[in-house]
Amino acid sequence: MKDILTAPFLTELVRTCTNMYAHGWDERNGGNISVLLEEGDLAEYLDLRQVLRAIPTGFSAPALDGKYFLVTGTGKYFKNVQYDPALNLGIVRLADGAQRAELLWGFRDGGRFTSEFPAHMMSHAARLSVDPAGRVVMHCHPNNLLAMTYVHDLDEKAFTRTLWQMETECIIVFPEGVNVLPWMVCGTNEIGRATAEKMKTARLVVWAQHGIYGAGRDLDETFGLIETAEKAAEVYLKIAHLPWKQTLTVENLHAIEARFGVKAREGWLD
Ligand SMILES: [Zn+2]
């Protein structure tokens, strides 16, 4: 068996947690990430018959039965992940229609996965239904997107339009826009189901007065989505209270679509 601490899927997640903490998106134990792993990749590092313990999930997601996830731990701090991955991260295999998670590695202190596990797993199922290559779900609390949910209309189309107008690249990076959930209590199956429903039409779902969920095919794509939306939100907050002399117009946005071969979400650029 190879040393799992050298596995690319693990080192990349460790680097991502460290980077997100450095961006100020994951204060204290804020934020969580889950990555869908291939059994073939994992078998080089772990004996997959060796289940350390079983953890009930409290929900069911038959589409994820038998799938493997690398996931951050509940109550754990992103800033500490790099110093002790086996304490702060875990690898689980879902069983019984995802009602049970079999721990194969990590959570060394008897811990368990993030309290947002339902939202993560239901989002994975939703993304896989529209993009079979989906692998990553990421949640964090970026300052400017969070602040924007206090002062901007939460209508998804209006919220998206503002982000698209704040930087030329935005409509290229997330042409499907961002979906927005009104404030809900976090950590529940209800917010998990609501997030997953929103994930069917966009890779970014803003949680009002809380943070954001991103989904993608790898950690770079997912991080980049959140990074780009967060930058746009920062520009918005820098100028929202100032008189605007100009902005990106609908015509400009259509010109970007034409030049870069992207198509904005149907009806959102009317
Ligand atoms: Zn959160």
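Counting in my numbering, the sequence shown runs from 1 upward without gaps.
Every residue gets a Cβ at the ideal spot worked out from N, C-alpha and C, and that includes glycine.
- Secondary structure within the segment 46-105: the alpha helix (DSSP H) runs of 4 or more consecutive residues, fully enclosed, are 78-81, 85-88 (chain order).
- Within 10 angstroms of the beta-carbon of Arg112 lie 16 or more other beta-carbons, which makes it buried.
- DSSP places Ala208 in the coil class of the three-state scheme, outside both helix and strand.
- In this structure, the beta-carbon distance from Glu116 to Asn29 does not fall below 8 angstroms.
- By alpha-carbon distance to Thr57, the top candidate from Gly24, Pro142, Gly192 is Gly192.
- Apart from sequence neighbours up to five positions away, the residues of its chain that approach Met184 with a beta-carbon distance below 7 angstroms are Glu190, Ile191, Ala194, ordered along the chain.
- With a beta-carbon spacing of about 7 angstroms, Val173 and Gly224 fall inside the 8 angstroms limit used to define contacts.
- Less than 8 angstroms separates the beta-carbon of His120 from that of Val137.
- When DSSP states are grouped into helix, strand and coil, Ser34 belongs to the strand group.
- Residue state for Val173 is assigned as helix, using DSSP reduced to three classes.
- With a cutoff of 7 angstroms, His120 does not count as near ligand 1, since its C-beta is closer than that to no heavy atom of the ligand.
- With a contact defined as Cβ atoms closer than 8 angstroms, Val151 and Val178 miss out at about 16 angstroms.
- Between Ala240 and Leu253, the CB-CB gap reaches or exceeds 8 angstroms.
- Annotation for Arg108: Ala86, Leu87 place their beta carbon closer than 6 angstroms to its own, counting only its chain and skipping 5 residues before and after.
- Taking all protein chains shown into account, Ser129 has fewer than 16 neighbouring C-beta atoms within 10 Å of its C-beta and is therefore exposed.
- Burial check for Asp155: the Cβ neighbour count within 10 Å stays below 16, so the residue is exposed.
- Annotation: Gln246 to Met166 spans about 11 angstroms, alpha carbon to alpha carbon.
- Distance check between Tyr21 and each of Pro142, Thr228, Glu102 places Pro142 closest, using alpha-carbon atoms only.
- Taking Thr160 as reference, the option from Met1, Tyr236, Ser34, Cys17 with the minimal CA-CA separation is Tyr236.
- Nearest neighbour of Gln99 by Cα position, chosen from Gly24, Phe59, Phe9, turns out to be Phe59.
- Only residues of its own chain outside the window of five on either side were considered, and among them Arg93, Leu94, Ala95 have a CB closer than 8 angstroms to the CB of Gly66, listed in chain order.
- Per the Cβ contact rule, the segment 74-84 is not in contact with the segment 212-223 (fewer than 3 Cβ pairs under 8 angstroms).
- The beta carbon of His141 sits closer than 7 angstroms to at least one heavy atom of ligand 1.
- Secondary structure at His139: strand, using DSSP grouped into helix, strand and coil.
- Contact check for Ala229 against Leu204 passes: the beta carbons are separated by less than 8 angstroms.
- Of all alpha-carbon atoms in Gly267, Asp270, Leu146, the one lying nearest the alpha-carbon of Tyr213 is that of Leu146.
- With a cutoff of 7 angstroms, His210 counts as near ligand 1, since its C-beta is closer than that to a heavy atom of the ligand.
- In this structure, the beta-carbon distance from Gln50 to Leu5 does not fall below 8 angstroms.
- Phe69 and Glu257 have their C-alpha atoms some 36 angstroms from each other.
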